[in-house]
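Colleague: Please find one structure pasted underneath; my questions will follow.
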Amino acid sequence: MTAIDSKNAARRKVASLAFWSIIVAFVVLGLKLAAWYITGSVALYSDALESIVNVIASAAAYWAIQVSHKPADQDHPFGHHKAEYFSAVLEGVLIVLAALLILNEVWWYWRHPVPLEQPWTGLAINGVATAINAFWALTLIRAGRAEKSPALVADGRHIMTDVATSIGVFIGLAGAVLTGWQVVDPALAVIVALNILWQGWHVIGSSMNGLMDRAVDTQEHMRIRDIISANCKGALEVHDLKTRIAGRATFIEFHLVVDADMSVGASHVICDRIEDALKAEIPSVRVTIHVEPDDEAKLPKGTTAVPFA
0 MTAIDSKNAA
10 RRKVASLAFW
20 SIIVAFVVLG
30 LKLAAWYITG
40 SVALYSDALE
50 SIVNVIASAA
60 AYWAIQVSHK
70 PADQDHPFGH
80 HKAEYFSAVL
90 EGVLIVLAAL
100 LILNEVWWYW
110 RHPVPLEQPW
120 TGLAINGVAT
130 AINAFWALTL
140 IRAGRAEKSP
150 ALVADGRHIM
160 TDVATSIGVF
170 IGLAGAVLTG
180 WQVVDPALAV
190 IVALNILWQG
200 WHVIGSSMNG
210 LMDRAVDTQE
220 HMRIRDIISA
230 NCKGALEVHD
240 LKTRIAGRAT
250 FIEFHLVVDA
260 DMSVGASHVI
270 CDRIEDALKA
280 EIPSVRVTIH
290 VEPDDEAKLP
300 KGTTAVPFA
């Protein structure tokens, strides 16, 4: 399989998962709405409301993934990779909105308490929805990390939070039914809302890092440096190594110092060798190398060069 075939296969896989996320979200939403309708539980209402967010977020993620996989064009010469971050930010905002709506519903319920009806039937239905969500969340997170898709990872993490919430609601409501403590129902809804608020903040923060051109982590930075060092025979040193992540793409740029008497052709051969090595090790990498003669090399203030032996 060629590199292009591999990229196309990865794109189809991510797009397919994003599409099926919409279907799964609708199924789970239907089950949770049924559980809430049967019981009248405000805690189950809060769980169902988060699933509405899942439907909207899954649709947004599908759109973003379609856009992010478009090839670079005249208006977007570096590609459309960051589209997925916008989807993730939207999901975070929707999560926060859902939490506020839940708190509003809790306030209404607190003033107008309603006894639970058919609680065990509702909990059983909600349990089925939770099992479906757990399986799908793990699938999305694994695939998102493998394909470097922020939208899939954000969607998976959100759904996994939904799973944790549903488990807590199940345990709490079961306890409320057994003990007769109706106050547990709105109390659980408040806990759900606070948990959703925290998750929404986390999703927004992670996505903003991507929009702000976050660099690769320290371990990956050192790996990039080692790859350059192992494939730069003929060069003298490198400095001003910078990286940034945009969705599944990694951008690398640095200054390569060579002997002042080296020809352009010879320095170009070194650059090609380094680029090929980086592309072989790092998927969807974009490399920019600025070649400098050693008698004119300028280090950024406060930095030191990395010599090549």
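Under numbering that gives the first Met the number 0, think of the first position of the sequence shown as 0, with each following residue one higher.
From the three backbone atoms N, C-alpha and C, an ideal C-beta is built for every residue, glycine too.
Between the segment 10-26 and the segment 146-166, do three or more beta carbon pairs fall short of 8 Å?
Modeller: Segments in contact, yes.
Colleague: Identify every residue that forms a DSSP beta bridge with D255.
Modeller: The residue given as residue 255 occupies position 256 in the sequence shown. The displayed chain sequence assigns Leu, not Asp, to residue 255. Answer by DSSP bridge pairing, in chain order: V237, V290.
Colleague: Pull up the CB-CB distance for L100 and L16, whole angstroms please, since I reckon it's below 8 Å.
Modeller: What you label residue 100 is simply residue 101 of the sequence shown in a count that begins at 1. What you label residue 16 is simply residue 17 of the sequence shown in a count that begins at 1. That pair is no contact at about 28 Å.
Colleague: Quick check on this structure: which residue in N103, V13, E295 has the alpha carbon closest to the alpha carbon of P185?
Modeller: Translated into positions along the sequence shown, residue 185 becomes position 186. Nearest C-alpha to P185: N103.
Colleague: M221 lies in the alpha helix (DSSP H); which residues open and close that run?
Modeller: Counting from 1 along the sequence shown, the entry for residue 221 is found at position 222. From DSSP, the alpha helix (DSSP H) with M221 extends over 217-229.
Colleague: With DSSP run on the structure shown, which of helix, strand or coil describes R247?
Modeller: Here residue 247 refers to the residue found at position 248 when the sequence shown is read from its first residue. Of the three classes helix, strand and coil, the one that applies to R247 here is coil, per DSSP.
Colleague: Does the distance from the CB of G199 to the CB of I94 come in under 7 Å?
Modeller: The residue you call residue 199 lines up with position 200 of the sequence shown. The residue you call residue 94 lines up with position 95 of the sequence shown. Contact: yes.
Colleague: Name the residue from H79, L151, A173 whose alpha carbon lies nearest to the alpha carbon of L43.
Modeller: As a position in the sequence shown, residue 43 is number 44, starting the count at 1. Closest by alpha carbon: A173.
Colleague: For I273, is the classification buried or exposed, using 16 other Cβ atoms within 10 angstroms of its Cβ as the cut-off for buried?
Modeller: What you label residue 273 is simply residue 274 of the sequence shown in a count that begins at 1. So I273 ends up on the buried side.
Colleague: Who are the near neighbours of A33 in its chain, counting only those whose CB is closer than 6 Å to its CB and skipping five residues on each side?
Modeller: Against the sequence shown, residue 33 aligns to sequence position 34. Once the five neighbours on either side are set aside, the close Cβ partners of A33 are I124.
Colleague: Alpha carbon to alpha carbon, how far is V237 from S165?
Modeller: For the purposes of this step, residue 237 is taken as the residue at position 238 of the sequence shown. For the purposes of this step, residue 165 is taken as the residue at position 166 of the sequence shown. Spanning the two alpha carbons is a distance of roughly 52 Å.
Colleague: Could you give the distance in angstroms between the alpha-carbon of K12 and the alpha-carbon of G143?
Modeller: By 1-based counting over the sequence shown, the position of residue 12 is 13. By 1-based counting over the sequence shown, the position of residue 143 is 144. Those two C-alpha atoms are separated by around 10 Å.
Colleague: What's the call for W35, buried or exposed, on a 16-neighbour Cβ count within 10 Å?
Modeller: Within the sequence shown, numbered from 1, the residue matching residue 35 stands at position 36. Classification of W35: buried, given that the 10 Å Cβ count is 16 or more.
Colleague: Please say whether A128 and L30 have beta carbons closer to each other than 7 Å?
Modeller: One-based indexing of the sequence shown puts residue 30 at position 31. One-based indexing of the sequence shown puts residue 128 at position 129. In contact: L30 and A128 (Cβ atoms closer than 7 Å).
Colleague: Buried or exposed for P70, going by 16 or more other Cβ atoms inside 10 Å?
Modeller: Here residue 70 refers to the residue found at position 71 of the sequence shown. It counts as exposed.
Colleague: Is the separation between the beta-carbon of A97 and that of E49 shorter than 7 Å?
Modeller: Along the sequence shown, read from residue 1 onward, the residue named residue 97 stands at position 98. Along the sequence shown, read from residue 1 onward, the residue named residue 49 stands at position 50. Yes, they are a contact pair.
Colleague: So, H80 versus G246, is the Cβ gap smaller than 7 Å?
Modeller: Taking the first residue of the sequence shown as 1, we reach residue 80 at position 81. Taking the first residue of the sequence shown as 1, we reach residue 246 at position 247. In contact: H80 and G246 (Cβ atoms closer than 7 Å).
Colleague: Taking only three categories from DSSP, how would you classify R110?
Modeller: Working through the sequence shown from its first residue, we reach residue 110 at position 111. Helix, per DSSP.
Colleague: In the structure shown, what three-state DSSP assignment does A308 receive?
Modeller: For the purposes of this step, residue 308 is taken as the residue at position 309 of the sequence shown. Confidence in A308 is poor, its pLDDT being 43 and thus under 50, which makes the residue's placement too unreliable to answer from.
Colleague: Quick one: grab the DSSP three-state call for R285.
Modeller: Taking the sequence shown and counting its residues from 1, one reaches residue 285 at position 286. Strand, per DSSP.
Colleague: Could you name the residues that DSSP lists as bridge partners for A242?
Modeller: To locate residue 242, count along the sequence shown from 1; it is residue 243. A quick correction: the sequence has Thr, not Ala, at residue 242. DSSP lists I251 as partners of T242.
Colleague: Hey, out of T242, I269, V183, G233, whose CA is closest to M211's CA?
Modeller: Indexing the sequence shown from 1 puts residue 211 at position 212. Minimum Cα distance to M211 is reached at T242.
Colleague: Go to H267, then tell me how far its alpha helix (DSSP H) extends in each direction, as first and last residue.
Modeller: Taking the first residue of the sequence shown as position 1, residue 267 is located at position 268. Element bounds for H267: 263-280.
Colleague: Taking the C-alpha atoms as reference points, what is the distance between T287 and W19?
Modeller: Position 288 of the sequence shown, counted from the first residue, corresponds to residue 287. Position 20 of the sequence shown, counted from the first residue, corresponds to residue 19. Cα-Cα distance, rounded: 37 Å.
Colleague: Could you tell me how far apart the beta carbons of L235 and D293 are, in whole angstroms, since I believe they sit closer than 8 Å?
Modeller: For the purposes of this step, residue 235 is identified with residue 236 of the sequence shown, where counting begins at 1. For the purposes of this step, residue 293 is identified with residue 294 of the sequence shown, where counting begins at 1. That belief holds up - the Cβ atoms of L235 and D293 are roughly 6 Å apart, short of 8 Å.
Colleague: Please classify A136: does DSSP put it in a helix, a strand, or coil?
Modeller: One-based indexing of the sequence shown puts residue 136 at position 137. If DSSP states are grouped into helix, strand and coil, A136 belongs with the helices.
Colleague: In angstroms, rounded to a whole number, what distance separates the CA positions of L28 and H68?
Modeller: Indexing the sequence shown from 1 puts residue 28 at position 29. Indexing the sequence shown from 1 puts residue 68 at position 69. L28 and H68: Cα-Cα distance of roughly 29 Å.
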